[in-house]
Structure formats: C-alpha cells, structure tokens
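See structure below.
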Amino acid sequence: SPLPSLPQFCQPSGWQLFPERNPPTFFVAVLTDINSERHYCACFTFWEAVESPQPQSHARNAEGEEEEEEAASPVQPAQLFAPKSLVLVSRLDHAEVFRNSLGLIYTIYVDGLSVSLENVIGNLLTCTIPITGGAQ
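Given below as structure tokens:
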C-alpha cells in the first residue's frame with residue numbers, strides 16, 4: 001500500500017469537528033515508495049453536518065448553578081461539521097482529471113442524485129483512455 005496512514009494523509013492536523021461548514025479543499029501530493037515509484041494522491045475534503053453527542057450548554061447563574069429553562073423549549077443538540085475525504089491514488093500525473101472526478105463524485109453525493117455512487121465510480125474506473133498518438 002502506498003499510504004501507511006490514509007486518515008493522517010487526509011487530515012494531517014487530525015480529525016476535528018467544526019462549528020461551521022468549511023469550503024471544500026483539494027490537494028495532490030506525490031509520494032515515492034521504496035522502489036522509487038511515484039504515487040499521485042489526490043484528496044478532496046468537504047464538511048458534512050453531524051449532530052453533536054452533547055446538547056448545548058445550559059445558562060448558569062452567578063453561583064454556577066444551572067438555571068431552569070422553560071419546559072416548552074426542549075434542548076436542541078448543537079450542529080457541528082465533520083470532515084469527509086474522497087481520495088484517489090494513481091501512478092499517473094493528471095491532477096485536473098483527479099479534481100474533476102472527485103468533484104463529480106462529491107456533486108452526486110451532495111445533490112442526492114438517483115444514480116448510485118458505486119455506478120459512478122465503476123464507470124470512472126472502467127473508461128477507456130486513448131493512447132497519445134494512437135489510431136484516430
């Protein structure tokens with residue numbers, strides 16, 4: 001495997017929840033294995049809403065005791081955003097193709113289109129790319 005720690009590669013600062021949605025990010029890193037072979041690793045990260053496991057904090061009075069809230073207002077869990085990454089590893093250097101492919105997968109995911117992600121990925125992996133200078 002060219003990547004010993006894929007989660008650390010995607011999120012070098014660690015996986016953290018954020019109080020607001022960050023814009024998607026994309027980067028390509030070139031990793032060289034023990035045989036001096038290059039692996040181009042494209043990472044597209046976006047943030048997905050998740051429910052916080054802890055409810056929002058209650059107001060406290062001057063003595064540090066929780067104040068009673070009206071029974072009509074149930075405690076709503078805080079909404080947080082977690083990073084989710086799509087990664088493509090290739091021996092070919094085609095950063096724009098990687099960005100477009102991962103962007104397509106992301107768009108289908110967030111738009112909730114009726115086509116399954118498995119079909120989209122299968123179609124991307126099985127497409128035939130003509131050889132440069134080959135028969136026209």
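Residue numbers for the sequence shown follow UniProt numbering, so the first one is 1 and each next one is one higher.
Cβ atoms here follow ideal geometry from the backbone N, Cα and C, with glycine treated the same way.
Suppose you measure from the CA of A95 to the CA of V28; what does that come to, to the nearest Å?
One C-alpha to the other measures close to 7 Å.
Hey, is the segment 98–110 in contact with the segment 29–37, meaning 3+ C-beta pairs nearer than 8 Å?
The segment 98–110, when compared against the segment 29–37, does not touch it at the 8 Å Cβ threshold.
State the Cα-Cα distance for the pair Q16 and P83, rounded to the nearest angstrom.
Roughly 7 Å between the two C-alpha positions.
Output needed for Q11: all residues of its chain with C-beta closer than 8 Å, excluding positions within five of it in sequence on either side, in chain order.
Hits under 8 Å: T45, P83 and S85.
A117 and Y109 look like a contact to me (Cβ under 8 Å); what is the Cβ gap, rounded to whole Å?
As written in the sequence, residue 117 is Leu, which differs from the Ala given in the question. Their Cβ separation, rounded to whole angstroms, is 6 Å, which keeps L117 and Y109 in contact under 8 Å.
Would you tell me roughly how many angstroms separate the C-alpha atoms of T107 and S5, rounded to the nearest one?
Approximately 26 Å, taken between the alpha carbons.
What is the DSSP secondary structure of R60, reduced to helix, strand or coil?
With a pLDDT of 48 at R60, under the threshold of 50, the modelled position of this residue cannot be trusted; read the value that follows with caution. R60: strand per DSSP, three-state reduction.
Excluding the five sequence neighbours on either side, which residues of its own chain have a C-beta within less than 7 Å of the C-beta of L88, listed in chain order?
Within the same chain, L88 has close Cβ partners A42, F98, S101 and L102.
With distances taken between CB atoms, is the gap from L92 to V50 smaller than 8 Å?
No, the Cβ-Cβ distance between L92 and V50 is not below 8 Å.
I'd like the list of long-range same chain contacts for E48, defined as Cβ closer than 7 Å, with 5 residues on each side in sequence excluded.
These residues qualify, in order along the chain: F81, A82 and K84.
Measuring straight from C-alpha to C-alpha, what distance separates L113 and I121?
Each residue's Cα considered, the two are about 14 Å apart.
Which one of R21, F18 and F9 has the shortest CA to CA distance from V30?
With distances taken between Cα atoms, V30 lies closest to F9.
In chain order, what residues of the same chain lie with their CB nearer than 6 Å to the CB of T25, ignoring the 5 residues before and after it?
T45, listed in sequence order.
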